[in-house]
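*Asks:* Dropping the structure in here first, questions after.
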Amino acid sequence: MESTSKNSDITAKKKYLISKGIDGFFEDIYDLYQFILRFFKEAFSAPVEWKEIVNQCYQVGYKTLLLVSVTGFITGTVFTKQSRPSLSAFGAASWLPSLVSIAIIKTMAPLITALIAAGKVGSNMGAELGSMKVTEQIDAMEVSATNPFKFLVVSRILAITFMMPVLVLYTGLVGMMGAYLNVHSNELTSFTSFFISAFKSIEFKDIFSSLFKALCYGFTIGVAGCYQGYYAQNGTQGVGRAANLAVVFSMFLIFVEELLIVQVLNSFR
Amino acid sequence: MDKKDTQIDTQETVISIKDLKKSFGPLNVLNGVNLEIKKGENVAVLGRSGTGKSVLIKIISGLLKPDSGLVKVFGQEVDKISEKELQELRLKIGFSFQNSALYDSMSVRENLKFPLVRNKRDLNDKEVNEAIESVLNDVGLPQTINQMPSELSGGQKKRIGIARTLILKPEIMLYDEPTSGLDPITCIELNNLILKVQKEYRTSSIIITHDLTCAKITGNKVAILNEGKFLKIGGFEEVFSSHDTYIKTFYDYNFTENNKIYER
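So the sequence lines, in the order shown, correspond to chains A and B. To convert, note that position 24 of the first sequence is 24 in the numbering used here; the numbers rise steadily by one, no gaps. If you want the numbering used here, it's the position in the second sequence, counting the first as 1, plus 1000.
Take a look at the structure:
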């Protein structure tokens, strides 16, 4: 019922408190707040849509696996290659595994995976739900006594939130493999000594902070994609807009969150 | 099939609407609508585009909230009941959308299975399959069971959309422009299907349409909506014997030579 009430709000002719743009901005924030609130309410009430959550987890993994594998590998290789001259200038080429592991595990793996997921999964959520909205499929679900918010939105947000840490660990591993191959081909470092050296500089806190970031990014991508899609309007143009905004908002918020989370986690160190 | 085959069961009122108002911003779409539908009765609602016909049935099904007025379905006020009660009430209401609204990522079988397995969790696979086959036979499309919605024609989509609602055995059917955009032969098939549903499923229905033939064939009553209110409600002959210009124009467009209404 909320989906349609938003439409009627939008068509209403109003007297603006400040201006159309500023009022609209705060209204959007309020709607987003209500959307997130509803997500938590529905997520913690029975019945849980396990089948759909598992299906969405598979979709998220399936859609991003190849991309994160390739980008993770390239990132690891290129970062190692680019860092070598600077470290070698100080006679510190042996620090390469440590430097690469810190960069990949702490920042690059979560960030790259999140950006890939925002582009691939976030846009897909926006477009899919947007298309369902403008073709009345969401209304059809509602009138057949199925809660579309729970079935479509909650399952998607939970799926990407839970899958992101898995994907981040995977991207980190693939990135480290790329880095190892580069180090091995240049410095002839063995697999064991590379990884012993790499993980000497990594603490549990670093892995925990990466996984925490992954959870936040996954939730952000899910909320941005589903929110834009669930409230899409104006036909096919609205579907395109929903997909586009899902990606733009996700990416913007991911960088803002990166900054905030790093500040907060550093204060605990 | 003739609508005379279908009898109105009782005088029990299943839908009661009193002084219903709904506006979108400055636009007053419904401005004091009153309507009563008896059990087993089909009411065809006619009116120009944008007069709020679809808004009316969306309010009845709880998809939209009224601004004011009373909307009772089986004695329950749809805008006042809890979410759980609304879900239970919706199991008794079938809604056939103008554009069918089939789930395009699912096959016909999955489209029909979806509402059934979610609302009747005690059914086993055999019972589910039997229900799907039975309802597909009822709408005359058993051969489409494994097709995707994109592979169906407009008329087939509408019939599968109706089948998807019939699978839950509703007591009320809300049809949103069931014959719009279809060829005359498919329109006849759909009109017959609406009558068949009324007779075999014993439904009460609201049929939103611009098509006077559809209204005449399927409606026990016809209601003309204009400027947010019903101009006239009654039998087809009774309503269209009116001298009201608005009603006459509707009739003339469909049933008299167009020379009378076109300047050529």
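C-beta: ideal position from N, C-alpha, C; glycine also. Given the structure is predicted, the values throughout are model-derived calculations rather than measurements.
Run through the DSSP bridge pairs and tell me what N1031(B) is partnered with.
*Replies:* DSSP, once it has assigned bridges, lists K1021(B) as partnering N1031(B).
*Asks:* Mind checking if A1223(B) is an interface residue toward chain A, Cβ cutoff 8 angstroms exclusive?
*Replies:* Cβ-Cβ to chain A under 8 angstroms: no for A1223(B).
*Asks:* Can you pull the chain B residues whose beta carbon is under 9 angstroms from the beta carbon of D139(A), in chain order?
*Replies:* The contacting residues are K1058, S1061, L1063, F1095, F1097, A1101.
*Asks:* Just list the residues that DSSP pairs E1077(B) with in beta bridges.
*Replies:* Answer is K1072(B).
*Asks:* Chain B beta carbons: is any one of them nearer than 8 angstroms to that of E136(A)?
*Replies:* Output row for E136(A): interface = yes.
*Asks:* At the level of alpha carbons, what is the spacing between T1051(B) and F39(A)?
*Replies:* Spanning the two alpha carbons is a distance of roughly 35 angstroms.
*Asks:* Could you run through the stretch 1153–1165 of chain B and flag, in chain order, every residue whose CB is less than 9 angstroms away from some CB of chain A?
*Replies:* Answer in chain order: G1161, R1164, T1165.
*Asks:* Taking all protein chains shown into account, decide if R1220(B) is buried (16 or more other Cβ within 10 angstroms of its Cβ) or exposed.
*Replies:* Residue 1220(B) is actually Asn in this sequence, not Arg. N1220(B) comes out buried.
*Asks:* Looking at C-alpha atoms only, which residue of F73(A), M132(A), T192(A) is the closest neighbour of V168(A)?
*Replies:* For V168(A), the nearest C-alpha among the options comes from F73(A).
*Asks:* Do you know whose CA, among I1167(B), I1247(B), V1139(B), V1239(B), lies nearest K1092(B)'s CA?
*Replies:* Answer by Cα proximity: I1167(B).
*Asks:* May I have the straight-line CA-CA distance separating P1026(B) from V1055(B), to the nearest angstrom?
*Replies:* One C-alpha to the other measures close to 16 angstroms.
*Asks:* I want to see whether chain B comes within less than 8 angstroms of T146(A), judged by CB atoms only; does it?
*Replies:* Interface residue, yes.
*Asks:* Compute the Euclidean distance between the alpha carbons of I1194(B) and K1158(B), then round it to the nearest angstrom.
*Replies:* Rounded to whole angstroms, I1194(B) to K1158(B) spans 11 angstroms at the Cα level.
*Asks:* Strictly under 8 angstroms for the Cβ-Cβ distance: is R1202(B) near chain A by that measure?
*Replies:* By this cut-off, R1202(B) is not an interface position.
*Asks:* For F149(A) and I29(A), I'd like the C-alpha separation in whole angstroms.
*Replies:* Roughly 19 angstroms between the two C-alpha positions.
*Asks:* Strictly under 8 angstroms for the Cβ-Cβ distance: is E142(A) near chain B by that measure?
*Replies:* It does; some Cβ of chain B falls within 8 angstroms.
*Asks:* Tell me where the alpha helix (DSSP H) around L32(A) begins and ends.
*Replies:* L32(A) -> alpha helix (DSSP H) spans 20–43.
*Asks:* For a minimum of 4 consecutive residues, which ranges assigned as the alpha helix (DSSP H) are wholly contained in the stretch 108–165 of chain A?
*Replies:* Listed in chain order, the complete alpha helix (DSSP H) runs (minimum 4 residues) inside the stretch 108–165 of chain A are 109–117, 123–134, 137–143.
*Asks:* Please state whether the Cβ-Cβ distance between G126(A) and G61(A) is less than 8 angstroms.
*Replies:* Cβ distance not < 8 angstroms, so G126(A) and G61(A) don't count as in contact.
*Asks:* Are there 16 or more other CB atoms within 10 angstroms of the CB of T1209(B), so buried, or fewer, so exposed?
*Replies:* When all chains shown are included, T1209(B) counts as buried.
*Asks:* Buried or exposed for E203(A), please, with buried defined as at least 16 other CB atoms from any protein chain shown within 10 angstroms of its CB.
*Replies:* So E203(A) ends up on the exposed side.
*Asks:* By Cβ distance below 6 angstroms, which residues in the same chain neighbour F249(A) in space, the five residues on each side in sequence not counted?
*Replies:* Correct list, in chain order: A224.
*Asks:* Could you work out which residues of chain A lie near P1115(B), taking near to mean beta carbons separated by less than 8 angstroms?
*Replies:* Chain A residues near P1115(B): S144, A145, T146.
*Asks:* Out of G222(A), R241(A), I105(A), G238(A), state which residue places its alpha-carbon closest to the alpha-carbon of A117(A).
*Replies:* The shortest Cα separation from A117(A) among G222(A), R241(A), I105(A), G238(A) belongs to G222(A).
*Asks:* Reducing DSSP to helix, strand and coil, say where V60(A) ends up.
*Replies:* Here V60(A) sits in helix by DSSP.
*Asks:* What residue from I1207(B), E1177(B), I1172(B) has the CA that sits closest to E1012(B)'s CA?
*Replies:* The shortest C-alpha separation from E1012(B) is found at I1172(B).
*Asks:* Between K51(A), L96(A), M163(A), which has its C-alpha nearest F1267(B)'s C-alpha?
*Replies:* This structure cannot speak to residue 1267(B), because chain B is shown only from 1001 to 1264.
*Asks:* Tell me, please, whether the CB atom of K1004(B) is closer than 8 angstroms to any CB atom in chain A?
*Replies:* Unreliable positioning characterises K1004(B) in this predicted model, as indicated by a pLDDT of 49, which lies under 50. The coordinate reading is nonetheless provided below. No, K1004(B) does not count as interfacial toward chain A.
*Asks:* From the beta carbon of R1048(B), is the nearest beta carbon of chain A less than 8 angstroms away?
*Replies:* Cβ-Cβ to chain A under 8 angstroms: no for R1048(B).
*Asks:* Closer than 7 angstroms, Cβ to Cβ, to anything on chain A: give me those residues from the stretch 1109–1141 of chain B, in chain order.
*Replies:* Within the stretch 1109–1141 of chain B, the qualifying residues are P1115, R1118, N1119.
*Asks:* Just the chain A side, please: which residues come within less than 8 angstroms of Q1087(B) by C-beta, in chain order?
*Replies:* A145, N147, listed in chain order.
*Asks:* Tell me, which residues are paired with I1247(B) by DSSP?
*Replies:* Paired residues: none, contrary to the question.
*Asks:* Distance cutoff 8 angstroms, beta carbons only. Does L1212(B) sit that close to anything in chain D?
*Replies:* The chain labelled as chain D is not found among the protein chains of the depicted structure, namely A and B.
*Asks:* Should I1217(B) be labelled buried (16 or more other beta-carbon atoms within 10 Å of its own) or exposed?
*Replies:* With 16 or more other Cβ atoms within 10 Å, it is buried.
*Asks:* Could you pull the start and end residues of the alpha helix (DSSP H) that Y227(A) belongs to?
*Replies:* 204–230 is the span of the alpha helix (DSSP H), which, as asked, contains Y227(A).
*Asks:* Could you tell me the boundaries of the beta strand (DSSP E) in which M1173(B) lies?
*Replies:* 1172–1176 is the extent of the beta strand (DSSP E) around M1173(B).
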